[in-house]
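Just so we're aligned, residue 88 is where the sequence shown starts under the numbering used here, counting upward by one.
Note that the Cβ used here is the ideal one computed from N, Cα and C, for glycine as well.
Remember, it's a predicted structure, so these values are computed and weren't measured experimentally.
Okay, structure first, notes after.
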Amino acid sequence: MRHAIRQRAGAVQWLTVLGLYSLLALLLTWPLAAHFTTHTTGDGIDDPALAWNLWWIKERLVTQANFDIFHVDWMFHPIQINLAFYTLTPLNGLLSTPLQFGASLIVANNLLLLASFVLSAFGAYLLVLDQRRWAMSASHLPNSCTLWKLSALLAGVIYAFASSKLFYASLGQFNIASSQWIPFAMLYLLRMARPRQVGETDARERWSRIRSAAFAALFFGFQLYAELTYASFLLVFAAILFLWQIMFDRRRSPAAWFALLSPYLVFGVFIAMWMTPILWAMTPDMLAEGDFFASGGGFADIFSADLMGYLFPTLLHPLWGDFAATLPFPNDKGQHIFLGYTVMLLSGLGLWFLASRRDTRLLAWLWGVLFLIFFLLTLGPTVRWGGVDTGAPAPFALISQLPFFSGNRYPSRYSVMLMAIAALLSGFGLMWLLSRFNAGVGPRSATPGARLPHTAGLFVFATTIAALVIVEHISTPLPLNDLRIPPIYQRLAQEPDDFAIMELPTGWRNGARVMGRSDVLIMMQQWWQTDHGKRRLGGNTSRNPVAKFQYFTEAPLLGELIALMNADRQHIGAYIDANYASMVAAYRPRAAQILRDLGIRSVLLHEDKATPQLQRFVRDILPLVEVDRWQGDDWMGAPASIVRYTLAGEANTASTPLPRTISLTDEDASLYLGEGWAPMPTGDGVRYATRRNPVLLLALPATCAQIDVDWTGPAHAVGVRVNGQSLAVQSAAPDRLTALLPAGVADQPVDRIELRFEGDSLPGGEVMIAPNGRGWSVGATGATLPGASWLVVRSAGEEVGDFAKIVIDGRDMARNERGYNLVALDNQGSVLDSAAFDTSGDSKASDALAAWIDRWPPGSIIVGAVNDEASLQLSQAAVNALHSLGVAIDLRDHFRWSHAFIGAIGARPGEAIEASTLIRPATVALGAPIDGEKVFGGLRAISIAPCTR
């Protein structure tokens, strides 16, 4: 009976604590509660995509009944994107799924956000309460339940409602706000290391630690699937905890070592199990594309915490936010970390409290070192004060080199661990103050000569401290974003069948850059997909191989549309106006087939966001008929107009008439090329594969069809898979095969054809033989490249790729920095030097470029490619130096143009091999046009015809 009463009392107590934290969550996220069914917190940049995550998990698992949540072509259609490199938040999606059945997606998202605050606070509360286990072996620690609970309550407030977490919520970064599982994981990790309890047997102790390891791994997994980078922070915490145990207890027997190591082994095994699905999705792409997981790391300095920021509240503070806006360092994306003076004082007091007694001094070492390490990690690669780089190194530069940790581009996010540790230390600090207060040093009541009852006085004192913390960190009112969806998308959702839509303008965004229209619109378009459910060309991710963006830039028609989206930029608008007539002539006869090959059945034009040139192009070129129109206020309250078109006449048929032959060497070939192909065909009409399993993207008929493949070696056989299903293949001739496509296999708007070349590969240079056995002539310069060598040079201005690649014998030798990237070769094809000259931003770069070119003897081959921009500081001296290589193009007054060339010292202008353009990358080649070390086979064309039997 007494046990049941205690259980009920404990349940009531926990519910009271949860109720208190829930009330604080509603108050401190105000005015979210007043707009709970229509808005989320955020600025329209990240919140639409992260709310989209919840829809996608339910859509994929429930509606589509597909357990592969990572490989997606509902955005980045038709090339697909791997969401293992994206902040997908699968756990949040799973938790939201039942909520989505009973409430709207907006409500589900907001409930999860509030739950992240409540659970964060409750986790920190339990973490501090669990430290009573240490009190059993530390005589000076108070054992009063009231003191522990009040201290734990404050710790929950500090961790959950810190200004850094509220700032992330204000940005709509619900993944970064999902830090609720960290204190639970810390709690069980600490239980793995706690001292043996009084009366505890060896067997019970071992089992307790193993069970704690399992629970620590469970909450690690929860955090991993809520926000991956936070899981890496927990690994740092676990590593330091492990080292702490070893350093301060080295006199161990073999049995004791086993007892120490076994929980960590169990923890590691479960971590590996949690990581397996993510690694399964990541590894193939990383093996094929390199370690792009760390891409965008150059932004670490921008997103590091400035040391000065620790002294001032954030931009969102209702009283001191205006002052924070004047601080001389970036502080608008959550990189401003402020512990608060109350927390700093309490943390220092708590650390002193632990360090001042022999029996908890080792515990003070642990928390002190953890606090220091995570504090230093927030500062980024080097310490900054007031926006000035002091040059003092910080540990982030070291830890960011480690696998898995390299994916964190935001050092300031380590503050989540710092706040957890500060919350716990503040709990100890408050406990010491309360114990002194409880001993008779409390405040007097309003009645002279009377003293407050100890319990009431403790509550008043603790509440006052909590109020001070809240006052320092308060961030209300939080900005909100209106997620109500224009009704035109609801009507689009009623259209039958699975097809793709093209939104104009649109864009493609990752953590480092935006291609297409850089506007909040592109993020809202992703959110609106949760209503219409159709596949989209645009999309948002965190990290991706370069090819995922380049597909759209280099595809016919799409490259022009991307330029038209940005025609309000002066340099692009002038180019469009000058070349509009040729664009009309080129695409009017081809536009219908290109749209059909992309599986597009509807086009949505946002008239208020579209440039006049884009609207004109849609009217003049695209075979469209208007079927719907919506006018109203957009998410910002501004007037908006959306027009929906469908393809007109024969262009609106479900499939292309057969038979049909698709060349992989003509002007539309890039539309059909997925991963694994060379950027250019050879002169004899072959497109070579640089991977054993290259991909083609074709809109195949849903009915039975025959696919004829005109291929060449070095492979001796070719296998064919369509949408993951292997096809029966027959060889009609040594270089031709026929694959039978059964009815129903081609069930996608654009089908994914994966070829497999069987047999040995060849070095890329061996697929072409130099004329008459001599070397490759470098244009008309008189220089030659040895016949066994080959060069591919690719340049992309900022809007069309932002890269420079100089591939020599399959290896990229470019520095890939802004401006001109140059490589010097001798007459044997050996690399002499690689350099980059920022002739866009550095006034001295042009002279340095000219001097560098002047170093080389006549006949030396010089290869060049522009990354981003190279015109603004380009001088006559640099242009003359480039002319001396045979280069004719002068990039001055050609802002952000791509420029690739292969020239030689001593040539005359016009004799080099070169290409330059604004709205696409520029590519030139000498020898085999292969941008990899090996080739596995090649294709000339694919023919598709109806089945004959």
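In the three-state scheme derived from DSSP, where H, G and I count as helix and E and B as strand, residue 686 is classed as coil.
Residue environment: residue 915 is assigned as exposed (fewer than 16 neighbouring CB atoms within 10 Å of its CB, all protein chains considered). Assigned with DSSP and collapsed to three states, residue 167 falls in coil, not helix or strand. By DSSP's assignment, residue 1013 forms a beta bridge with 878. Under the 8 Å Cβ criterion, the segment 971-988 does not count as touching the segment 851-861, having fewer than three qualifying pairs. Comparing C-alpha distances from residue 948 to each of 875, 918, 926 shows the shortest one belongs to 918.
Distance check between residue 608 and each of 131, 95, 728 places 131 closest, using alpha-carbon atoms only.
With fewer than 16 other beta carbons inside 10 angstroms of its own, residue 861 counts as exposed. DSSP assignment within the segment 596-645 yields the following whole beta strand (DSSP E) runs of 3 residues or more, N-terminal first: 601-603. When the alpha-carbon of residue 193 is set against those of 213, 552, 123, 881, the nearest one is in 123. Note on the segment 112-188: whole beta strand (DSSP E) runs with a minimum of 3 residues are 126-128, in chain order. Around the CB of residue 736, fewer than 16 other CB atoms lie within 10 Å, so the residue is classed as exposed. Given a length threshold of 4 residues, each whole run of the alpha helix (DSSP H) inside the segment 442-509 is given here in chain order: 448-465, 483-486. From the listed residues 835, 806, 838, the smallest Cα separation to residue 826 is found for 806.
Residue 269 is a Cβ neighbour of residue 317, given a cutoff of 8 Å.
The straight-line gap separating the alpha-carbon atoms of residue 353 and residue 378 is approximately 29 Å. For residue 908, the enclosing beta strand (DSSP E) covers residues 906-912. Contact between the segment 99-108 and the segment 190-209 is established, with three or more Cβ pairs separated by less than 8 Å. Where residue 799 is concerned, the enclosing beta strand (DSSP E) starts and stops at 792-799. Taken atom to atom, the span from the alpha-carbon of residue 654 to that of residue 457 is near 52 Å.
Residue 905 places its beta carbon less than 8 Å from that of residue 956. Each residue's CA atom was taken as its position, placing residue 473 and residue 251 some 19 Å apart.
At the C-beta level, residue 506 and residue 245 come within 8 Å of one another.
Measuring C-alpha to C-alpha distances from residue 758 to each of 745, 720, 784, 780 identifies 784 as the nearest.
Per DSSP, the unbroken alpha helix (DSSP H) holding residue 669 starts and ends at 657-674. In the structure shown, residue 252 falls within a helical segment according to DSSP collapsed to helix, strand and coil. Looking at the backbone, the Cα of residue 573 and that of residue 717 are separated by about 8 Å. Between residue 493 and residue 422, the C-beta spacing is not below 8 Å. For residue 235, the enclosing alpha helix (DSSP H) covers residues 232-247.
Secondary structure note for residue 713: its beta strand (DSSP E) is the uninterrupted segment 711-720. For residue 611, the closest C-alpha among the options 113, 98, 133 is that of 133.
One thing to note: residue 459 has its Cβ no nearer than 8 Å to the Cβ of residue 516. The three-state reading of DSSP puts residue 423 in coil, since its state is none of H, G, I, E or B. The C-beta of residue 722 has 16 or more other C-beta atoms within 10 Å across all chains shown, which makes the residue buried. Annotation: residue 934 to residue 960 spans about 10 Å, alpha carbon to alpha carbon. Look at residue 812 here: in three-state DSSP terms it is strand.
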